[in-house]
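2 protein chains.
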Amino acid sequence: MGILVVGSVAFDSIETPFGVAEDVLGGSATYFSTSASYFTDVSLVAVVGSDFPEEHEDFLRSRNIDLRGLSRSSGDTFRWKGRYGYDLNEAHTLETRLNVFESFRPSIPPEYADAEYLFLANIDPDLQMEVLKQVRNPRVVASDTMNFWISCKPESLKKVIGKVDILIINEAEARQLAREPNLVKAARSILSLGVGTLIIKRGEYGVLMFSRSSIFAAPAYPLENVFDPTGAGDTFAGGFMGYLANTGNISDAGIRQAIIFGSVMASFTVEDFSLNRLKSLDYRQIEERFRSLKAMTHFEGIPEPE
Amino acid sequence: MGILVVGSVAFDSIETPFGVAEDVLGGSATYFSTSASYFTDVSLVAVVGSDFPEEHEDFLRSRNIDLRGLSRSSGDTFRWKGRYGYDLNEAHTLETRLNVFESFRPSIPPEYADAEYLFLANIDPDLQMEVLKQVRNPRVVASDTMNFWISCKPESLKKVIGKVDILIINEAEARQLAREPNLVKAARSILSLGVGTLIIKRGEYGVLMFSRSSIFAAPAYPLENVFDPTGAGDTFAGGFMGYLANTGNISDAGIRQAIIFGSVMASFTVEDFSLNRLKSLDYRQIEERFRSLKAMTHFEGIPEPE
Chain E
1 MGILVVGSVA
11 FDSIETPFGV
21 AEDVLGGSAT
31 YFSTSASYFT
41 DVSLVAVVGS
51 DFPEEHEDFL
61 RSRNIDLRGL
71 SRSSGDTFRW
81 KGRYGYDLNE
91 AHTLETRLNV
101 FESFRPSIPP
111 EYADAEYLFL
121 ANIDPDLQME
131 VLKQVRNPRV
141 VASDTMNFWI
151 SCKPESLKKV
161 IGKVDILIIN
171 EAEARQLARE
181 PNLVKAARSI
191 LSLGVGTLII
201 KRGEYGVLMF
211 SRSSIFAAPA
221 YPLENVFDPT
231 GAGDTFAGGF
241 MGYLANTGNI
251 SDAGIRQAII
261 FGSVMASFTV
271 EDFSLNRLKS
281 LDYRQIEERF
291 RSLKAMTHFE
301 GIPEPE
Chain A
1 MGILVVGSVA
11 FDSIETPFGV
21 AEDVLGGSAT
31 YFSTSASYFT
41 DVSLVAVVGS
51 DFPEEHEDFL
61 RSRNIDLRGL
71 SRSSGDTFRW
81 KGRYGYDLNE
91 AHTLETRLNV
101 FESFRPSIPP
111 EYADAEYLFL
121 ANIDPDLQME
131 VLKQVRNPRV
141 VASDTMNFWI
151 SCKPESLKKV
161 IGKVDILIIN
171 EAEARQLARE
181 PNLVKAARSI
191 LSLGVGTLII
201 KRGEYGVLMF
211 SRSSIFAAPA
221 YPLENVFDPT
231 GAGDTFAGGF
241 MGYLANTGNI
251 SDAGIRQAII
261 FGSVMASFTV
271 EDFSLNRLKS
281 LDYRQIEERF
291 RSLKAMTHFE
301 GIPEPE
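Chains E and A are the protein sequences, given in the same order. Those letters in the first sequence? Residues 1 to 306, per the numbering used here, in order. Those letters in the second sequence? Residues 1 to 306, per the numbering used here, in order.
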């Protein structure tokens, strides 16, 4: 089977210099699974409240996302309210209401326990660990986290990082986790926790990947219209894992291509609020941007020394 | 002949989280010409005061830099004092004493007037224009500028930009010049001023190049030790122009390679204060980092659509 993602489904309210959106569909598992669905089958484990409308479930189902792991609790769905200035790289949280997400204890349906690709979106590292125990023998596990868990549960987090294959975090989180301002040194220190591949997201500046034997630098797709960066990181992870699961190629070369597909998916997400741009996307458009990024990064080598 | 650069020679006093340096050799023309000297012959036009020691001239001469255009005025050499925090991308100016640089009126020695490659470092755009009039028929002219000239002499600056082939500025300057927060839109607006190629420097995030037909994204070389970013931009421009002049290849492919050589040169400069790292550099080390950047940015393409 394809990918299993455990994370949040939420309502987001967003202000950017270009507009506002109220209570629109959001959440890490939502962005991740919609993005990954362009490449492979996805199953989702998350929780929503009794206020979660049928139309959103219908949309996710229309993307062929398996919702048997989406539980419904009485109470309200997780709500996040944020604002971005012209520097769209940084979100300012205005309000977080965890609601039903506060008591989320992910229980993996037995039919998901053989997932080959697992993404642990940004949730409590203790819960990430519980998920790891419930998935029998995944081929690739990737995880995300955030500053809150780095500050509050560093030991739990480090245990999880030691057990996953790929950690996908942003630049500030990498520096905070390693307590090191230099990113190359920070990366080395994080790899020493036991994770094989570290992917550092740098927003509009692209992505840096570090493994024990390789460094890969990928630019972000240069965009003329960035409306709302919300979900870009989870969309990146979805495209990345989706492509890995689709090809089964987890070599360095495969990971590099997957990073480019992830970047392409994120470039679409930020062009509109919520998942609006992902809803109208066509696989040919994805491949077109992949080829553009290939052309934009190409330069001729020089002869090898004699 | 090779390259002519018109700019500043200065004493810098620098504080970074990693140390301090007092009255060390600096200035745009100094960094540019030293960097370019690894690729081609360079002639320099600048002014120093009576306090400028022989040893610095000896160093520049040892790099084969033609100093017939270095004039000596009575008074003190230009002095700049700056501080960097852990975010080494931004310099905080503590003090600027223009000294002899204040009355600098660049006069191009007749033997330089046939220069094929000309770099107008960051000086008053009216002076940049005067230099342009004195150089007969350059093949490639590149220029730099700064926020001060964008604010104070926008019309003069735009005239110069309309006459040069390549503009090399940083990200904030591009946004300020175009009065546009989106970098792709800003780039398009700057190209409409008449410049053929725009190179936007983004510090540790690398470089974006825009021309009418091409976009190129190059990462910075990931460094474990960044001591002092002073001079990185001029060192970049020196490596870039030096390689262009060396090969004579000003096609899109040639410009892309030159951008990588510029990035490599800048990566060395920031590893130590002043020009210290450039002084001990070996051309094989430059080529080695070029090849590393090639490997770090490579990913396999996907098949073309049928």
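By construction, the Cβ of each residue, glycine as well, lies at the ideal position given by its N, Cα and C atoms.
Checking 8 Å against the spacing of the C-beta atoms, do tyrosine 283 of chain A and tyrosine 31 of chain A come in under that value?
no
Hey, is alanine 266 of chain E's beta-carbon within less than 8 Å of any beta-carbon in chain A?
no
Inspect the beta-carbon positions of proline 229 of chain A and valine 184 of chain A and report whether they are closer than 8 Å.
no
At least three beta-carbon pairs within less than 8 Å, the stretch 287-305 of chain E to the stretch 239-248 of chain E:
no
Taking only beta-carbon positions, decide if alanine 253 of chain A is within less than 8 Å of chain E.
yes
Just the C-alpha distance for serine 156 of chain A and leucine 98 of chain A, rounded to the nearest angstrom, thanks.
21 Å
Just verifying my parser: in three-state terms, what is the DSSP assignment at tyrosine 86 of chain E?
coil
Assuming isoleucine 302 of chain A is part of the alpha helix (DSSP H), what are its boundary residues?
Here isoleucine 302 of chain A belongs to no alpha helix (DSSP H), and DSSP marks it neither H nor E.
Could you tell me which of E:Lys279, E:Trp80 and E:Ala172 sits nearest to serine 8 of chain E, measuring between CA atoms?
E:Trp80
Residue-level contact to chain A via CB, methionine 129 of chain E, 8 Å cutoff
no
Just checking: is the beta-carbon of proline 229 of chain E within a distance shorter than 8 Å of some beta-carbon in chain A?
no
Would you call the stretch 58-71 of chain E in contact with the stretch 81-93 of chain E, where contact means no fewer than 3 C-beta pairs closer than 8 Å?
no
With three or more beta-carbon pairs closer than 8 Å as the criterion, would you say the stretch 131-150 of chain A touches the stretch 112-123 of chain A?
yes
Is it the case that the Cβ atoms of valine 207 of chain A and isoleucine 200 of chain A are separated by a distance below 8 Å?
yes
Thinking C-alpha only, which one of A:Pro305, A:Leu293, A:Ile302 and A:Pro303 is nearest isoleucine 302 of chain E?
A:Leu293
Please work out which residues of its chain come closer than 8 Å, Cβ to Cβ, to glycine 196 of chain E, disregarding the five sequence neighbours upstream and downstream, and give them in chain order.
Asp165, Ile166, Ser211 and Arg212
Nearest candidate by alpha-carbon position, reference proline 138 of chain A, set A:Gly2, A:Asn246, A:Pro53 and A:Gly254
A:Gly2
4 or more residues per run - each alpha helix (DSSP H) lying fully within the stretch 151-178 of chain A
154-163 and 171-178
Among A:Gln134, A:Gly231 and A:Glu171, nearest to arginine 202 of chain A - alpha-carbon criterion:
A:Glu171
Quick one: grab the DSSP three-state call for aspartate 41 of chain E.
coil
Which stretch, first to last residue, makes up the alpha helix (DSSP H) that contains leucine 191 of chain A?
183-191
Could you please tell me which residues of the stretch 187-207 of chain E, in chain order, have their CB closer than 9 Å to any CB of chain A?
Ala187, Arg188, Arg202, Glu204, Tyr205 and Gly206
Which runs of the alpha helix (DSSP H), 4 residues or longer, sit entirely within the stretch 200-276 of chain A?
232-247 and 252-269
Considering serine 318 of chain A, what are the terminal residues of the beta strand (DSSP E) in which it resides?
This structure cannot speak to residue 318 of chain A, because chain A is shown only from 1 to 306.
Given a cut-off of 8 Å, decide if glycine 238 of chain A and serine 71 of chain A are closer than it, judged by their beta-carbon atoms.
no
For asparagine 182 of chain A, return the contacting residues in chain E, with the cut-off set at a CB-CB distance below 8 Å.
Leu223, Glu224, Asn225 and Val226
Helix or strand or just coil, what does DSSP make of alanine 29 of chain E?
helix
Considering only the beta carbon of each residue, do asparagine 246 of chain E and threonine 40 of chain E sit closer than 8 Å?
yes
Residue(s) in a DSSP beta bridge with phenylalanine 79 of chain E:
A small correction: the amino acid at residue 79 of chain E is arginine; phenylalanine does not occupy that position in the sequence shown. For arginine 79 of chain E, which the question treats as bridged, DSSP gives the partners E:Phe11 and E:Arg97.
Short of 7 Å Cβ to Cβ, which residues in the stretch 74-87 of chain A face chain E?
Tyr86
Does glutamine 285 of chain A come within less than 8 Å of chain E when only Cβ atoms are used?
no
Would you mind giving the Cβ-Cβ distance between arginine 131 of chain A and valine 6 of chain A, rounded to the nearest angstrom? I have them listed as a contact below 8 Å.
Strictly speaking, residue 131 of chain A in this sequence is valine, with arginine absent from that position. Right, their Cβ atoms sit about 5 Å apart.
Kindly identify the DSSP beta-bridge partner or partners of valine 48 of chain E.
E:Arg72
Taking the alpha carbon of glycine 82 of chain A as the reference point, which residue from A:Tyr112, A:Arg68 and A:Val24 has its own alpha carbon closest?
A:Val24
Amino acids of chain E, ordered along the chain, whose beta-carbon sits closer than 9 Å to that of arginine 291 of chain A:
Gly301, Ile302, Glu304 and Pro305
Using the three-state DSSP reduction, which class does glycine 58 of chain A fall into: helix, strand or coil?
At residue 58 of chain A the sequence reads aspartate, which differs from the glycine that was named. Helix.
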